[in-house]
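Quick note, the sequences are listed as chains E and V, same order.
Going by our numbering, the letters in the first sequence line up with residues 1 to 174, in that order.
Going by our numbering, the letters in the second sequence line up with residues 1 to 395, in that order.
Worksheet: one structure, shown below.
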Amino acid sequence: MTALSRQLKTLYVAVMMRVVGWGLRAMSQVDPVLRAEAAGFAEGMFIEMTVVPDGPGMVLERLPSGKLAYRGSRIDRRPDLSVRFKHLDLAFAVLSFSESTPTAFARARMVVDGDIGAGIRLVRCLYRLEALLLPKFIARRGMKRYPADLSLGKKLAMNLRIYGRMAADLVTRS
Amino acid sequence: MSDTYYEFFCPVKLIVGSKALEHIPFELGALGASRPMIITDAGVRGAGLLDVLLEVFPGTGIEVANVFDDVPPDSSVAVVKSIARRYAETGCDSMIALGGGSPIDSAKAANILASEGSDDLARFAGSGNLPRPLKPLIVLPTTAGTGSEVTFVSVVKDEARGVKMPFASPFLMPDAAVLDPRLTLTLPPQITAATAMDAMTHACESFTCIGKNPMSDAYASAAVRDISGNLLRVLDNPDHAGGRLALAQAAAMAGIAFSNSMVGLVHALGHATGALCHLHHGTCMSLFLPYVLEYNLEARREAIGELLLPLAGAEVYAATEPEDRAGKAIAHLRWLRDEIHSRCGLPRTLSETGKVQKDQLPKIADMAVNDGAIIFNPVEVSPEEALAVLERAWA
Numbered sequence: 001m002t003a004l005s006r007q008l009k010t011l012y013v014a015v016m017m018r019v020v021g022w023g024l025r026a027m028s029q030v031d032p033v034l035r036a037e038a039a040g041f042a043e044g045m046f047i048e049m050t051v052v053p054d055g056p057g058m059v060l061e062r063l064p065s066g067k068l069a070y071r072g073s074r075i076d077r078r079p080d081l082s083v084r085f086k087h088l089d090l091a092f093a094v095l096s097f098s099e100s101t102p103t104a105f106a107r108a109r110m111v112v113d114g115d116i117g118a119g120i121r122l123v124r125c126l127y128r129l130e131a132l133l134l135p136k137f138i139a140r141r142g143m144k145r146y147p148a149d150l151s152l153g154k155k156l157a158m159n160l161r162i163y164g165r166m167a168a169d170l171v172t173r174s
Numbered sequence: 001m002s003d004t005y006y007e008f009f010c011p012v013k014l015i016v017g018s019k020a021l022e023h024i025p026f027e028l029g030a031l032g033a034s035r036p037m038i039i040t041d042a043g044v045r046g047a048g049l050l051d052v053l054l055e056v057f058p059g060t061g062i063e064v065a066n067v068f069d070d071v072p073p074d075s076s077v078a079v080v081k082s083i084a085r086r087y088a089e090t091g092c093d094s095m096i097a098l099g100g101g102s103p104i105d106s107a108k109a110a111n112i113l114a115s116e117g118s119d120d121l122a123r124f125a126g127s128g129n130l131p132r133p134l135k136p137l138i139v140l141p142t143t144a145g146t147g148s149e150v151t152f153v154s155v156v157k158d159e160a161r162g163v164k165m166p167f168a169s170p171f172l173m174p175d176a177a178v179l180d181p182r183l184t185l186t187l188p189p190q191i192t193a194a195t196a197m198d199a200m201t202h203a204c205e206s207f208t209c210i211g212k213n214p215m216s217d218a219y220a221s222a223a224v225r226d227i228s229g230n231l232l233r234v235l236d237n238p239d240h241a242g243g244r245l246a247l248a249q250a251a252a253m254a255g256i257a258f259s260n261s262m263v264g265l266v267h268a269l270g271h272a273t274g275a276l277c278h279l280h281h282g283t284c285m286s287l288f289l290p291y292v293l294e295y296n297l298e299a300r301r302e303a304i305g306e307l308l309l310p311l312a313g314a315e316v317y318a319a320t321e322p323e324d325r326a327g328k329a330i331a332h333l334r335w336l337r338d339e340i341h342s343r344c345g346l347p348r349t350l351s352e353t354g355k356v357q358k359d360q361l362p363k364i365a366d367m368a369v370n371d372g373a374i375i376f377n378p379v380e381v382s383p384e385e386a387l388a389v390l391e392r393a394w395a
């Protein structure tokens with residue numbers, strides 16, 4: 001991998017990590033499905049997704065309200081659930097949707113530390129994010145099954161709410 | 001370019017066959033140990049297996065420093081702490097687990113505390129939370145099913161929180177597993193069948209779920225062949241030492257397979273049913289396996305069809321059209337389940353178990369979709385779909 005290619009991939013993964021963090025935060029406020037999933041995490045739980053040893057990452061916290069808060073790219077304390085990609089290229093493959101999340105799990109592309117049930121819940125959150133934010137033909141590459149009840153109209157309406165919430169969160173820095 | 005990728009790891013030394021027990025003192029010495037603690041349960045002691053084991057040590061330079069023979073059927077944090085305390089108090093330097101899943105899982109978890117000098121088991125729960133190798137551990141399975149002798153996991157009940165606490169780390173893999181036909185000869189028929197069907201499920205799920213790979217397939221396929229070829233024979237003739245050893249080997253092979261490719265929906269349902277209804281894990285596996293294979297059929301028709309060869313043999317496989325093989329493999333598993341029932345009464349349906357109420361099924365389904373195994377199932381599973389599988393297994 002050339003230095004330029006590595007830099008570009010690092011940038012892409014960093015941006016996508018942030019999109020995932022911001023997206024899940026916004027969806028935990030406006031999407032009933034994601035809200036129910038997020039509420040299932042233990043209160044006060046810190047969830048980290050990153051690339052070893054010190055690559056791009058994102059951290060979420062489950063608030064007492066059941067919503068998720070974005071806490072930046074890393075934290076000083078030990079996270080309760082940590083998903084660490086073993087290499088930048090492996091994170092790039094998942095975040096560019098050339099390898100699905102379950103396949104990446106099955107191939108041990110990442111190390112999952114912490115509560116395994118919470119890890120499964122996080123995967124479902126990622127499925128939901130992909131299903132709502134990505135075009136169907138891309139989203140289907142990232143998951144086992146695209147939700148049958150997600151029509152284009154429903155998806156666009158939810159897109160508006162999620163992107164609106166993300167923009168509002170950016171403005172208010174919440 | 002092929003995008004195939006997998007990892008395969010099994011550092012456990014297998015010591016198998018006639019007089020395998022007599023090799024244990026030498027193996028302990030090779031590991032630098034001389035004062036092992038034996039962890040077992042009252043049932044194993046009652047069956048005389050502890051005495052058989054103790055007979056191999058005199059004159060070998062190995063002194064059994066302590067025997068903990070009070071492990072309950074469901075391993076618990078209190079028991080694990082108690083084992084670790086006694087390990088330290090009596091100056092032990094290694095562990096020998098003798099028994100089924102509970103003594104083995106208890107020994108693995110106690111080894112964490114003994115090696116780390118800690119009393120806080122929860123600190124090490126989850127995946128990848130062990131910082132270094134543990135003290136020497138040799139495992140002697142007395143059931144042929146869990147595969148725990150070759151896996152990197154341990155599950156312990158946290159009574160205070162009412163949940164099962166899983167531990168997963170390569171450091172939990174035993175240094176050696178000893179498969180001696182003497183250890184499983186006294187196993188009652190129904191436990192023999194349930195544990196063998198647990199191993200059968202490990203192999204079938206390993207072979208059909210998304211983590212399958214050529215190495216785990218080889219172990220899984222051999223395990224299916226040996227269980228299919230020996231289980232009914234052993235049920236008909238419990239003293240058949242060769243058949244017993246074949247089942248023990250098959251359980252270890254299935255354990256190696258699934259710890260390298262994982263399991264899916266059958267286990268997710270089984271874990272939830274076990275937690276809520278206290279139904280024996282192997283019984284759950286036997287009940288759910290055909291229905292889950294049916295659920296996964298369209299996504300995994302080819303892999304399920306390939307199972308027909310080790311399940312039913314070359315003649316049946318060759319005489320069956322390729323498109324019919326998957327259906328026939330599932331039918332063979334149903335036939336096997338019914339044959340087992342006729343020989344030892346192992347339940348065929350959830351209602352037959354008498355331990356599950358029908359109104360518990362939705363809760364089992366909800367719990368199952370949050371189980372760690374679910375991600376490796378080839379087909380996505382919603383709570384409603386899990387419930388539908390449970391209802392099919394009901395009657």
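Cβ atoms here follow ideal geometry from the backbone N, Cα and C, with glycine treated the same way.
Exercise. Determine the burial state of Ser2 (chain V): buried for a count of at least 16 other Cβ atoms within 10 Å of its Cβ, exposed for fewer.
Key: exposed
Self-check item: Where Val224 (chain V) falls, given that 16 or more other Cβ within 10 Å makes a residue buried
Solution: buried
Quiz item: Shorter than 8 Å from the beta carbon of Pro290 (chain V) to some beta carbon of chain E?
Solution: no
Quiz prompt | Asp41 (chain V) burial status per 10 Å Cβ neighbour count (16 or more: buried) | solution = buried
Quiz item: What residues in the stretch 294 to 323 of chain V have a beta carbon less than 7 Å from any beta carbon of chain E?
Solution: none
Quiz item: Can you give the Cα-Cα distance for Pro214 (chain V) and Arg109 (chain E), rounded to whole angstroms?
Solution: Computed Cα separation, rounded: 18 Å.
Quiz item: So is Pro102 (chain E) in contact with chain V if we call contact Cβ pairs under 8 Å?
Solution: Yes, Pro102 (chain E) counts as interfacial toward chain V.
Self-check item: Distance, Met95 (chain V) Cα to Leu54 (chain V) Cα
Solution: 14 Å
Quiz prompt | Which listed residue (V:Glu323, V:Arg301, V:Leu276) has its alpha carbon closest to that of Pro362 (chain V) | solution = V:Leu276
Quiz item: Hey, quick one: how far does the alpha helix (DSSP H) through Leu175 (chain E) stretch, first residue to last?
Solution: Absent from the structure is residue 175 (chain E), since the part of chain E shown begins at 1 and ends at 174.
Quiz item: What are the start and end residues of each continuous beta strand (DSSP E) run of 3 or more residues lying completely inside the stretch 56 to 137 of chain V, in chain order?
Solution: 66 to 68, 94 to 99
Quiz item: Phe288 (chain V) by DSSP, collapsed to three states: which one?
Solution: Here Phe288 (chain V) sits in helix by DSSP.
Quiz prompt | Run of the beta strand (DSSP E) containing Pro166 (chain V), from where it starts to where it stops | solution = Note, Pro166 (chain V): beta strand (DSSP E), 163 to 168.
Exercise. Compute the distance between the beta-carbons of Leu247 (chain V) and Leu390 (chain V), then report whether it is under 8 Å.
Key: no
Self-check item: 6 Å CB neighbourhood of Glu99 (chain E) in its chain, flanking five on each side removed
Solution: Ala93
Quiz item: When you compare only the Cα positions, how much space is there between Lys64 (chain E) and Ile120 (chain E)?
Solution: Sequence check: residue 64 (chain E) is Pro here, not Lys. C-alpha separation (whole angstroms): 21 Å.
Quiz item: Can the beta-carbon of Asn129 (chain V) be found closer than 8 Å to that of Ser76 (chain V)?
Solution: no
Quiz item: For chain V, is any of its Cβ atoms less than 8 Å away from the one on Ala106 (chain E)?
Solution: So yes, Ala106 (chain E) belongs to the interface.
Quiz item: Rounded to whole angstroms, how far is the Cβ of Ala177 (chain V) from the Cβ of Leu14 (chain V), which I believe are closer than 8 Å?
Solution: 6 Å
Quiz item: Nearest-angstrom Cα distance between Ala69 (chain E) and Pro174 (chain V)?
Solution: 41 Å
Quiz item: Does any CB atom of chain A fall closer than 8 Å to the CB of Lys144 (chain E)?
Solution: The chain labelled as chain A is not found among the protein chains of the depicted structure, namely E and V.
Quiz item: Listed from N- to C-terminal order along the chain, which residues in the stretch 250 to 271 of chain V have their beta-carbon within a distance smaller than 8 Å of any beta-carbon of chain E?
Solution: Per Cβ criterion, the list reads Ser261, Met262.
Quiz item: According to the Cβ coordinates, are Val263 (chain V) and Glu205 (chain V) closer than 8 Å?
Solution: yes
Quiz item: Could one say the Cβ of Asn111 (chain V) lies closer than 8 Å to chain E's Cβ atoms, at least one of them?
Solution: no
Self-check item: Residues bridged to Phe46 (chain E) [DSSP beta-bridge criterion]
Solution: E:Glu61
Practice problem: Have a look at V:Ser106, V:Ser118, V:Ala78, V:Asp70 and flag the residue whose alpha-carbon is nearest the alpha-carbon of Ala88 (chain V). | Solution: V:Ser118
Quiz item: For the stretch 1 to 27 of chain V, which residues have a CB atom closer than 7 Å to at least one CB atom of chain E, in sequence order?
Solution: Taking 7 Å as the Cβ-Cβ cut-off against chain E, the residues of the stretch 1 to 27 of chain V that qualify are Tyr5, Tyr6, Glu7.
Quiz item: Cβ of Leu307 (chain V) within 8 Å of Cβ of Phe376 (chain V)?
Solution: no
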